[in-house]
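Taking it in order: structure first as structure tokens, then the write-up.
Protein chains: 2
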Amino acid sequence: MKLTAEQRIQFDEAGYLFLPGCFSTDEAAVLQSAAAEVFALDRDEVWRESSGVARTAFASHTYNEAFRRLGRHPRLIEPVRQILGGPVYMHQYKINAKAAFDGEVWQWHQDYGTWKRDDDMPEPRAMNIAVFVDDVTAANGPLLFIPGSHTQGVIAAGHDLKTTSYPLWTLDRETVTRLAERGGCVAPTGPAGCVLLFSSLLVHASPPNISPFGRTIVYLSLCHVDNHIRKFQREPWIAHRDFTPIEPLADDCLAELIDRSGIQAAQ
Amino acid sequence: MKLTAEQRIQFDEAGYLFLPGCFSTDEAAVLQSAAAEVFALDRDEVWRESSGVARTAFASHTYNEAFRRLGRHPRLIEPVRQILGGPVYMHQYKINAKAAFDGEVWQWHQDYGTWKRDDDMPEPRAMNIAVFVDDVTAANGPLLFIPGSHTQGVIAAGHDLKTTSYPLWTLDRETVTRLAERGGCVAPTGPAGCVLLFSSLLVHASPPNISPFGRTIVYLSLCHVDNHIRKFQREPWIAHRDFTPIEPLADDCLAELIDRSGIQAAQ
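In order, the protein sequences belong to chains E and Y.
Reading the first sequence from the start, the letters are residues 101 to 367 in this note's numbering.
Reading the second sequence from the start, the letters are residues 101 to 367 in this note's numbering.
Listed below in structure tokens is the structure:
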């Protein structure tokens with residue numbers, strides 16, 4: 101699982117890279133089942149929308165076996181080590197459930213803006229890699245990216261404490277419009293099992309999900325170990341304090357759970 | 101502009117038909133320019149979001165030359181006459197601006213549900229034909245359809261007076277979920293100039309537009325002249341009372357305005 105030179109160039113230019121079919125339908129089914137278990141838990145790490153449905157579960161790699169394995173999966177860790185140029189630790193790990201009908205907006209933001217301001221992460225030597233647990237379509241609240249916006253450094257932002265249950269440093273409309281006039285606005289979509297890598301400086305958002313289908317995505321936020329955070333004001337299960345380099349497991353580490361749970365191929 | 105037998109079958113089965121490239125880039129530019137003029141008017145027919153930006157302009161075919169011509173365009177009128185099996189009149193005509201950042205949701209509904217309940221239209225011998233004035237993408241609040249849902253007749257609905265500025269008979273979540281489990285949920289997207297025909301019984305919705313790009317669509321709601329409404333409780337510019345059969349203009353009726361206004365091809 102090495103990125104090609106062409107993929108590296110795509111990532112550098114656009115700020116993201118889409119890897120369709122990175123996980124099989126069966127592997128995605130393991131994650132779907134595990135996400136349902138996690139969202140049913142009554143834990144501090146599981147945050148809910150105002151309606152009560154789950155919005156985000158943090159740090160599930162510490163209390164769920166499938167997500168523990170996903171957090172050390174070579175198809176995720178190796179490309180990120182390659183881009184960041186060395187060993188990485190897990191800065192944040194979340195399962196975002198954009199629930200059918202109720203899934204709310206994430207306003208326009210850069211992740212590194214929050215990591216710098218709230219956690220004092222020295223440099224943007226950190227990035228996200230996202231796994232589609234459900235099919236992501238134009239209908240169910242896909243991620244929206246502004247290609248090329250990662251080249252602008254940390255952009256001025258305001259702390260939005262009102263829009264949703266999750267505090268976020270968000271960009272103003274004039275800035276988003278100016279960036280989109282140059283880079284456009286795209287919504288990468290695809291079936292469960294697709295993977296998206298994106299820069300921690302890439303400006304992104306996602307709209308509410310008014311469709312009858314849920315849309316769960318897992319985000320690993322990986323950081324070069326030399327670039328670990330310096331400020332510990334957020335919960336340790338939101339901004340992690342374990343800077344141990346991640347050693348990837350074997351490529352079949354999720355596939356092993358297919359056999360154990362007896363999940364059959366959907367097709 | 102006649103639909104083929106295959107297109108008729110597609111429409112009958114799915115409840116909608118997508119016609120890409122129906123209008124040229126230049127013709128779409130005429131409509132973009134005309135829509136901006138209409139939305140700037142201070143008229144009862146122009147409704148606004150809570151933020152003040154335009155949401156819907158009704159009956160612009162009665163006070164704007166480009167939209168007058170579009171309302172009699174043969175590429176729109178002839179396919180609908182073909183499907184409805186005879187002469188048609190204009191029951192409703194609206195320009196829906198899903199404004200950048202501010203464009204709000206349209207909840208799940210059937211148009212005929214409103215036309216029957218509010219206007220006493222006898223039968224669903226009426227339908228919509230929509231023209232994309234802007235590019236419609238996964239990012240800027242596309243129409244969402246539940247294919248096949250038009251086969252279910254008029255579905256029970258509640259009168260939603262709260263969600264947005266426009267009162268609408270909307271379907272409950274259990275119904276939408278049940279229909280989507282069978283038919284799925286699709287979001288037809290494409291560049292400005294594309295056209296969508298859809299049954300007045302097709303269950304549809306559209307999400308908010310959080311993107312930095314506007315997304316304007318014009319909707320002609322055409323009704324067989326024998327099937328005109330019987331109840332006149334809504335404004336005459338919302339539910340029209342002129343049941344005169346529409347005679348299409350020439351195919352170049354919009355193209356003529358390109359020459360007059362001096363708009364050049366974008367490409």
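Heads up, the beta-carbon is just placed ideally off N, CA and C, and yes, glycines get one too.
Assign residue i to one of three DSSP states: helix, strand, or coil.
i              : result
Y193 (chain Y) : strand
I338 (chain Y) : coil
K198 (chain E) : strand
L261 (chain E) : coil
T275 (chain Y) : helix
Y266 (chain E) : coil
A292 (chain Y) : coil
Q107 (chain Y) : helix
I183 (chain E) : helix
S321 (chain E) : strand
H173 (chain E) : coil
Between the Cα of residue i and those of the options, spot the shortest distance and give me the residue it belongs to.
i              : options                           : result
F123 (chain E) : E:I346, E:D260, E:H209 and E:V233 : E:V233
K216 (chain E) : E:Q207, E:R330 and E:V236         : E:R330
I148 (chain E) : E:D202, E:E356 and E:A134         : What sits at residue 148 (chain E) in the sequence shown is Arg, not Ile. Ranking the options by Cα distance to R148 (chain E), first place goes to E:D202.
L156 (chain E) : E:R168, E:L170, E:A136 and E:L297 : Inspection of the sequence shows that residue 156 (chain E) is occupied by Thr rather than by Leu. Per the Cα distances, E:A136.
A154 (chain Y) : Y:T162, Y:A199 and Y:H161         : Y:A199
P179 (chain Y) : Y:L320, Y:I255, Y:D219 and Y:H304 : Y:L320
R278 (chain Y) : Y:A197, Y:A166, Y:P288 and Y:W208 : Y:W208
H304 (chain Y) : Y:P288, Y:H161 and Y:A292         : Y:P288
P187 (chain E) : E:S160, E:P174 and E:E347         : E:E347
D300 (chain Y) : Y:W337, Y:P307, Y:Q132 and Y:I255 : First, the residue type needs correcting, since residue 300 (chain Y) is Ser and not Asp in the sequence shown. Of the candidates Y:W337, Y:P307, Y:Q132 and Y:I255, the one whose C-alpha sits nearest the C-alpha of S300 (chain Y) is Y:I255.
I183 (chain Y) : Y:P242, Y:D235 and Y:P224         : Y:P224
T263 (chain E) : E:D144, E:S150, E:L119 and E:H161 : E:S150
A134 (chain Y) : Y:A226, Y:R169, Y:L244 and Y:I109 : Y:R169
Between residue i and chain E, is the shortest Cβ-Cβ distance under 8 Å, so that the two count as touching?
i              : result
V205 (chain Y) : yes
A129 (chain Y) : no
T244 (chain Y) : Reading the sequence as shown, one finds Leu at residue 244 (chain Y) and not Thr. Yes, because at least one Cβ of chain E sits closer than 8 Å to the Cβ of L244 (chain Y).
I369 (chain Y) : Beyond the ends of chain Y as shown, which are 101 and 367, falls residue 369 (chain Y); an answer cannot be given.
C122 (chain Y) : no
T289 (chain Y) : yes
V276 (chain Y) : yes
F313 (chain Y) : yes
F298 (chain Y) : no
Report yes if the CB atom of residue i is closer than 8 Å to the CB atom of residue j, and no otherwise.
i              : j              : result
C285 (chain Y) : S311 (chain E) : yes
G185 (chain Y) : W269 (chain Y) : no
G248 (chain Y) : A105 (chain Y) : no
V318 (chain Y) : V231 (chain Y) : yes
N240 (chain Y) : R315 (chain Y) : yes
I246 (chain E) : G290 (chain E) : no
V325 (chain E) : Y189 (chain E) : yes
Q323 (chain Y) : H191 (chain Y) : Correcting the residue type first, residue 323 (chain Y) is Cys in the shown sequence and not Gln. Cβ distance < 8 Å, so C323 (chain Y) and H191 (chain Y) count as in contact.
L349 (chain Y) : R172 (chain Y) : yes
Y116 (chain E) : L297 (chain E) : yes
V130 (chain Y) : F139 (chain Y) : no
D272 (chain E) : G258 (chain E) : yes
At a cut-off of 7 Å, is residue i close to the ligand NAP when judged by its beta-carbon and the heavy atoms of the ligand?
i              : result
A140 (chain Y) : The ligand NAP is absent from the structure shown, which contains no ligand whatsoever.
Comparing the C-beta of residue i with each C-beta of chain Y, is any distance below 8 Å?
i              : result
P345 (chain E) : no
V233 (chain E) : no
T237 (chain E) : yes
C285 (chain E) : yes
A136 (chain E) : no
A305 (chain E) : yes
L118 (chain E) : This sequence places Phe at residue 118 (chain E); Leu is not what is there. Output row for F118 (chain E): interface = no.
T104 (chain E) : no
Just checking: is the beta-carbon of residue i within a distance shorter than 8 Å of some beta-carbon in chain C?
i              : result
F158 (chain E) : Looking at the structure shown, chain C is missing, and the protein chains on hand are E and Y.
### Task
Would you mind listing the beta strand (DSSP E) stretches within the segment 110–162 of chain Y that are 3+ residues and don't spill past its ends, in chain order?
116–119, 146–148 and 154–158
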